[in-house]
Amino acid sequence: MSTPLISVENLTVEIKTDRGLLKAIRGVSLDINPGDSIGIVGESGSGKSITLKAILGLLPNNARISSGKIFVAGKDIATLDNKSRRALLSHNTGMIFQDAIAALNPVIKIGEQIAEVPRYRLGKSKEESKAIALSLMEKVGITDGESRYGLYPHQLSGGLRQRVAISIALSGSPKILFCDEPTTALDVTIQAQVLRLLSELRTNTGLGIVFVTHDLAVVNELCDDIRVMYAGRFVESGSVKKTFSVPTHPYTFSLLKAAPDPDQSVHRLFTISGEAPNLTQEVIGCPFTPRCFSATDQCSVSEPELLPIANSQSACFNSAEHVNWAAEESKNGVTR
Ligand SMILES: Nc1ncnc2c1ncn2[C@@H]1O[C@H](COP(=O)(O)OP(=O)(O)O)[C@@H](O)[C@H]1O
Ligand SMILES: [Mg+2]
């Protein structure tokens, strides 16, 4: 197989906090290629945003990559100086965050904000940059670009502002777009529009998408692949189709049970009783054990690795059993 465009290998991230050193990410590996659509799900605090920030070189000052490697276009980014690293990342990646709308500059015309990367980073002329901005506006469905070019963010609806944020994210022609809950703050209709737009961009331009969310319905709609995150690790990894029909990790199982029917466009936080572990303390055994419905003795002794099972990967000692259950359930006509 050829080298992935982005490859994260066994990444760990530590954060200095008031409560001590937090092991926020504990061995995450991920390959990302153009055209991929990978949904990362997990409850709040599981490490989704920190994973993205680590890849994009945007970790907060109190956080550091303590081990593991990140390769972009075959280059280990830790070996590059800041300038080369930023250039490599901005050439290949774009991002939209939950507060993307808030990140727009209120006193600069939207067209100029979209033209900024072509103008100042890619060194295009003023006219070329404007043309690029206008074509981006068209691409993301901002109609009437010429007359809207000179508007300020507050003169646009929430949905249009989010489209502006997306066109800014696309303005460096990234191959991979990282999205961190970009639709959480939007109402359901606008959320659906944004998802459709991302889906079209992927189909039409081969954009790769990494989409962080706590909403399984969104993953079902947008993504081919899923990574389920718990306590700083991926505990299940596979195709969305497979994972939704045959979850192999009890956490995924619980998420799917707790979530509304993924085929319905009901968007709700999933809740599972109990709490995630405190990662400032050493993890002994599987961190999901206290909340797990199928934990056995060995689960409180050692932490299972993410290993292949039934065409996906699962970090659970009892995965084989879960696969059998799911098979039984589907035989008996139980649908999830
Ligand atoms: N700047 C920070 N300072 C201290 N702790 C942080 C900081 N950012 C994130 N964390 C902690 O790191 C863990 C992972 O956070 P995050 O990746 O933001 O979770 P998620 O995006 O899955 O909700 C959490 O325990 C969170 O409290
Ligand atoms: Mg987050």
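Residue numbering for the sequence shown follows this note's numbering, starting at 2 and increasing by one per position. Just so it is clear, CB atoms sit at the ideal spot from N, CA and C, and this is done for glycine as well. All values reported here derive from a predicted model rather than from experimental measurement.
For R20, no alpha helix (DSSP H) segment is defined, and its DSSP state is neither H nor E. By DSSP's assignment, C180 forms a beta bridge with I97 and F212. Approximately 5 Å separates the beta-carbon atoms of F179 and V211; this is inside 8 Å, confirming the contact.
Within the chosen limit of 6 Å, ligand 1 does not reach the beta carbon of G21 with any heavy atom. By the CB criterion at 7 Å, Q99 and D216 fall outside the cutoff. Shortest gap from the CB of I78 to any heavy atom of ligand 1: 6 Å or more. The closest heavy atom of ligand 2 lies less than 6 Å from the beta carbon of K49.
In this structure, the CA atom of V229 is about 16 Å from the CA atom of D37.
Contact between the region 144–164 and the region 66–83 is absent: fewer than three C-beta pairs spanning the two stretches fall below 8 Å. By the neighbour-count definition (other C-beta atoms within 10 Å, threshold 16), P305 is a buried residue.
Judged by DSSP in its simplified three-state form, V241 adopts helix. A55 places its beta carbon 7 Å or farther from that of I39. Rounded to the nearest whole angstrom, the C-alpha separation of S246 and K332 is 12 Å. Under the DSSP definition of a beta bridge, L31 partners with V9. In the structure shown, L157 falls within a coil segment according to DSSP collapsed to helix, strand and coil.
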